[in-house]
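K.L.:
Using the working numbering, read the sequence shown as starting at 14 and increasing by one per residue. Each residue gets a CB set at the ideal place from its N, CA and C atoms; glycine is no exception. This one's a predicted model, so the numbers in the text were calculated from it and none came from an experiment. Take this structure, written in structure tokens, and hold onto it; I'll ask about it next.
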Amino acid sequence: MDAPLFDHPPLHEVRLTGGLLAERQSTVWSTTLRTILRNCEETGRLENFRRAARRESGGHQGRYYNDSDVYKWLEACAYAKARGALPEDVATAAAEAIDAIAAAQEPDGYLNTYFQLARPEMKWKSLHAMHELYCLGHLIEAGVAWAEDADDRRLLDVSRRAADLVDRLFGAERGRVGYPGHPELEMALLRLATFLNEPRYRTLAKLFVDRRGTRPSPFEEELKDPAVTAMNPGHHALVMEGGAYSGAYLQDHKPLREQETIEGHAVRALYLLSAAAELAVDDASLREPLRRLWTNLLERRTYLTGGVGSSGHNEGFTKDYDLPNREAYAETCASVALAMWASRMLAIENEGAYADALETTLFNGVLAGLSEDGDRFFYANPLESIGGVERPDWYSCACCPPNIARFLGSVERTLVGVGKDALWIHVPAALHVDAVLQGVSVAVTVEGDYPWSGTVSVRVEPERPVEFALRLRIPTWCEDATLEVVGADQPAEYEDGYAVIKRTWSPGDLVRVEYAMEPGWVASHPRVLANAGRVALQRGPIVYCVEEVDLGAAPQHLAVDTVAPIESHQDGNSVVCTVAGWLDQDPELGLYAPFEPTAPAPTQAPCVPYFRWANRGPGAMQVWLRRMEDGPVQ
């Protein structure tokens, strides 16, 4: 197996030390984990495992994939425990949940409370729709997290028995062709293979990726069984097209290597591509299709906020440039998945564009999914609202709350990369990383208030002088960046979106970076019809919006002056911008009336970070604003 360019460090080697991401992470640990626990208890998700452990029959509560929410919550708990930040009551509940999960597992390794309690005769008969393999993927991820980061192998033992069962059933030598209807297990198997140094799990993950999209599809045979269709009749319409099986929703329409455009369910697509990116380390045939699909996604099917999947019908993609704002789906899980894919692409290709996408979706699409207080959530993330939108504290399909908790609980791993002779800083958030470079222990500390401030310092403390390359990303939004090694006349080289400083580093060496971070207007491609005549405000990696609570009127009545200066100032723990514009007088008219020019009222419009919207009431919101460069018609 070839090696990636770098490894994302384990949690014991990297930690956030302050700033926005540390604040969000702390909120997850102190509040969000309790909120998820309470809801998992109240909705029967935990009780399902207790009933299965008692070998009961019937009584399953909730949806057939609810086990996965418990596993994701447990994974997030493992990260909090690794930091000594897991609240005692949550730790007790997590330990009890692990005991129940272990007791619920059947002797052969099978574990799925829906089928154990409700439909034991239907096990493994509906891989395309019923999420058995998807749930086991999240079990395995939680098991590895508890073993690797929380020094507790109980859940890992459960996970390995489940993985071994899947290998016996679907491994190449067994002959049964099958793979997950919802990709995720592929990533989990790769993680398990790496942690245990057991290549057969990697082989199984590769088999799933390679078989997917081939014909005949095993899902076609499943759909011939009326009993299978009856379990999830709504799913049938999503996988059929013109009366025939399509499979695009399931990422089963074509083999990955033949796909030209990114299609179907967004989370499924990006989880599959994340696994493929890991496999591409030593399978060059995957790299070109990965680049091709990345280009299609980022250049034609992604929102400014890093949200992906514009349609609620299929929770996914439609066609190029179809990016409506008010109806945008942009599921929080899809933003998490894009960050996962971007971080994996970074490890196989030395290209700053992947880090740009990681940063954009992290600071906008991902953070928008969690309220300021950490106890309310967004599943969909529209870029416009006419009001009435509030964050629920739970969903019947609750994949997003625990997903954002587990991602933010370990987000620091995606921000840096450690190679044999290089350290990558993809996102210069305040953090500390302990690395071994050229055989020498090196402590690197990043300081600053990024993304609010562009002033960043990087302190290098090697155990002894050692030569390696420090690679600092220069974002594409940054029109000017200055960099200096304090006390040394050493210019940086620039390569693939990174400033590269290769030198012999000594204890106390300091690099100062200044990223120009002026607010500015962004326009979209003219084929994005929803944004015709509109602009959006961005400062650094942060996308801004206007909320009714600040403007005093619905922002749909606002037209902004794109020539006037934009002011920005610190407001509490974020930066707020103010733009000039005009408000329509909003006369009381019927649905239609003769046109009469009016004189809009000049105004100053406060703009807040998009990810903070809907924390102060259900008022209207807008990211893409009408523009008016020459002033109103008098």
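What does the Cβ neighbour count give for N338, buried or exposed, with the cut at 16 atoms within 10 Å?
P.N.:
If you number the sequence shown from 1, residue 338 lands on position 325. Answer is buried; the Cβ neighbour count reaches 16.
K.L.:
Sort out for me which residues DSSP pairs K515 with in a bridge.
P.N.:
What you label residue 515 is simply residue 502 of the sequence shown in a count that begins at 1. A482.
K.L.:
Nearest to T611 by alpha carbon, out of L602, P619 and A618?
P.N.:
The sequence position of residue 611 within the sequence shown is 598, counting from 1. Selected option, being the one with the closest Cα: L602.
K.L.:
Is DSSP giving L611 helix, strand or coil here?
P.N.:
Position 598 of the sequence shown, counted from the start, is the residue given in the question as residue 611. Before going further, note that residue 611 is Thr rather than Leu in the sequence given. Coil.
K.L.:
Closer than 6 Å by C-beta to K85: which residues in its own chain qualify, once you throw out the five before and the five after it? Chain order, please.
P.N.:
Numbered from its first residue, the sequence shown carries residue 85 at position 72. If we look at K85 and ignore the five residues flanking it on each side, its Cβ neighbours are H151, P415, N416 and R419.
K.L.:
Please classify P441 as buried or exposed, where buried requires at least 16 neighbouring CB atoms within 10 angstroms.
P.N.:
Position 428 of the sequence shown, counted from the start, is the residue given in the question as residue 441. Buried, since its Cβ has 16 or more Cβ neighbours within 10 Å.
K.L.:
Between G75 and the rest of its own chain, which residues show a CB-CB distance below 8 Å, the 5 nearest in sequence each way excluded?
P.N.:
Taking the sequence shown and counting its residues from 1, the one referred to as residue 75 is at position 62. Result list for G75: T56, G57, R58, N61 and S409, in chain order.
K.L.:
In the DSSP output, what is W534 paired with across the bridge?
P.N.:
In the sequence shown, the residue the question calls residue 534 occupies position 521. Checking the DSSP bridge columns, you'll see W534 partnered with L550.
K.L.:
Whose C-beta lies closer than 6 Å to the C-beta of P193 among residues of the same chain, with five residues either side of it excluded?
P.N.:
What you label residue 193 is simply residue 180 of the sequence shown in a count that begins at 1. Same-chain partners within the cutoff: L146 and Y147.
K.L.:
I need the DSSP call for D20, collapsed to helix, strand or coil.
P.N.:
Counting from one through the sequence shown, the residue named residue 20 turns up at place 7. Looking at D20 - three-state DSSP - the assignment turns out to be strand.
K.L.:
In whole angstroms, what is the alpha-carbon distance linking L359 and L220?
P.N.:
One-based indexing of the sequence shown puts residue 359 at position 346. One-based indexing of the sequence shown puts residue 220 at position 207. Taking the straight line from one Cα to the other gives about 23 Å.
K.L.:
Does Q598 pass the burial test, meaning 16 or more other C-beta atoms within 10 Å, or should it be called exposed?
P.N.:
Looking up residue 598 in the sequence shown gives position 585. Exposed, since its Cβ has fewer than 16 Cβ neighbours within 10 Å.
K.L.:
With a CB to CB cut of under 7 Å and the five nearest residues on each side skipped, what residues in its chain are close to A370?
P.N.:
Against the sequence shown, residue 370 aligns to sequence position 357. Same-chain partners within the cutoff: L311, G319, L351 and A355.
K.L.:
Run through DSSP, which three-state label would S587 get?
P.N.:
Counted from its first residue, the sequence shown places residue 587 at position 574. Reduced to three states, the DSSP call for S587 is strand.
K.L.:
Report the residue from H266, V573, P268 and Y392 whose alpha carbon sits nearest the alpha carbon of S324.
P.N.:
Within the sequence shown, residue 324 is the residue found at index 311, counting from 1. Here the closest residue by C-alpha is Y392.
K.L.:
Is DSSP giving R213 helix, strand or coil here?
P.N.:
Residue mapping note: residue 213 aligns to position 200 of the sequence shown, counting from 1. Of the three classes helix, strand and coil, the one that applies to R213 here is helix, per DSSP.
K.L.:
Excluding the 5 residues flanking L428 on each side, which residues of the same chain have their C-beta closer than 7 Å to its C-beta?
P.N.:
The residue labelled residue 428 in the question sits at position 415 within the sequence shown. Correct list, in chain order: H439, V440, A442 and L444.
K.L.:
By Cβ distance, which residues of its chain are closer than 8 Å to Y507, with the 5 residues on each side in sequence left out?
P.N.:
Within the sequence shown, the letter at position 494 stands for residue 507. Same-chain partners within the cutoff: I487 and V513.
K.L.:
Given a threshold of 16 other Cβ atoms within 10 Å of its Cβ, counted over all protein chains shown, does K237 qualify as buried or as exposed?
P.N.:
Within the sequence shown, the letter at position 224 stands for residue 237. K237 is exposed by the Cβ-count criterion.
K.L.:
Among E344, N628, C413 and Y316, which one has its Cα closest to the Cα of V541?
P.N.:
Against the sequence shown, residue 541 aligns to sequence position 528. Closest option to V541, Cα to Cα, is Y316.
K.L.:
How long is the line joining the alpha carbons of A566 and Y262, rounded to whole angstroms?
P.N.:
The sequence position of residue 566 within the sequence shown is 553, counting from 1. The sequence position of residue 262 within the sequence shown is 249, counting from 1. If I take the Cα positions, the gap works out to 40 Å.
K.L.:
To the nearest angstrom, how far is the alpha carbon of I275 from that of R67?
P.N.:
For the purposes of this step, residue 275 is taken as residue 262 along the sequence shown, with counting starting at 1. For the purposes of this step, residue 67 is taken as residue 54 along the sequence shown, with counting starting at 1. C-alpha separation (whole angstroms): 44 Å.
K.L.:
Measure the beta-carbon distance from L285 to Q264 and round it to whole angstroms, keeping in mind my assumption that it falls under 8 Å.
P.N.:
Translated into the one-based positions of the sequence shown, residue 285 becomes position 272. Translated into the one-based positions of the sequence shown, residue 264 becomes position 251. 5 Å between Cβ atoms; contact.
K.L.:
From H248 to A142, what does the alpha carbon distance come to, in whole angstroms?
P.N.:
As a position in the sequence shown, residue 248 is number 235, starting the count at 1. As a position in the sequence shown, residue 142 is number 129, starting the count at 1. Rounded to whole angstroms, H248 to A142 spans 7 Å at the Cα level.
K.L.:
Should V646 go down as buried or exposed, given a rule of 16 or more other Cβ atoms within 10 Å for buried?
P.N.:
Position 633 of the sequence shown, counted from the start, is the residue given in the question as residue 646. Low confidence applies to V646: its pLDDT is 48, below 50, so where it sits in the model is not reliable enough to give any reading.
K.L.:
Taking the C-alpha atoms as reference points, what is the distance between V402 and G329?
P.N.:
Numbered from its first residue, the sequence shown carries residue 402 at position 389. Numbered from its first residue, the sequence shown carries residue 329 at position 316. When rounded, the distance between both Cα atoms is 21 Å.
K.L.:
Enumerate in chain order the residues of its own chain whose CB-to-CB distance from D462 is below 7 Å, with the five nearest sequence positions on each side excluded.
P.N.:
Translated into the one-based positions of the sequence shown, residue 462 becomes position 449. Closer than 7 Å at the Cβ level, and outside the excluded window around D462, lie G32.
K.L.:
How would you label V252, buried or exposed, when you count the other beta carbons within 10 angstroms and need 16 or more for buried?
P.N.:
For the purposes of this step, residue 252 is taken as residue 239 along the sequence shown, with counting starting at 1. So V252 counts as buried.
K.L.:
State the Cα-Cα distance for the pair G71 and R64, rounded to the nearest angstrom.
P.N.:
Numbered from 1 along the sequence shown, position 58 holds the residue referred to as residue 71. Numbered from 1 along the sequence shown, position 51 holds the residue referred to as residue 64. A straight line joining the alpha-carbon of G71 with that of R64 spans about 9 Å.
K.L.:
Decide if F183 is buried, meaning its Cβ has at least 16 other Cβ atoms within 10 Å, or exposed.
P.N.:
Walking along the sequence shown from the start, residue 183 turns up at place 170. Result: buried.
K.L.:
Identify which residue in P478, L485 and R477 has its Cα closest to the Cα of V431.
P.N.:
Taking the first residue of the sequence shown as 1, we reach residue 431 at position 418. Checked all of P478, L485 and R477; the closest Cα to V431 is L485.
K.L.:
Can you check whether the CB of E460 is closer than 8 Å to the CB of S470?
P.N.:
By one-based count along the sequence shown, residue 470 stands at place 457. By one-based count along the sequence shown, residue 460 stands at place 447. A contact, by the Cβ cut-off of 8 Å.
K.L.:
Could you say which of I555, W534, A175 and F624 lies nearest to A593 if we only look at CA atoms?
P.N.:
Here residue 593 is taken as the residue at index 580 of the sequence shown, counted from 1. For the residues I555, W534, A175 and F624, the minimum Cα distance to A593 belongs to W534.
K.L.:
Tell me, please, which residues DSSP counts as bridged to V576.
P.N.:
Translated into positions along the sequence shown, residue 576 becomes position 563. Looking at the DSSP assignment, V576 forms no beta bridge with any residue, so it has no partner.
K.L.:
Any chance you could list the alpha helix (DSSP H) runs of at least 4 consecutive residues sitting entirely within the region 239-296, in chain order?
P.N.:
239-244, 246-252 and 279-292
K.L.:
Identify which residue in E199, A366 and W637 has its Cα closest to the Cα of R281.
P.N.:
Working through the sequence shown from its first residue, we reach residue 281 at position 268. When only C-alpha atoms are compared, the closest one is E199.
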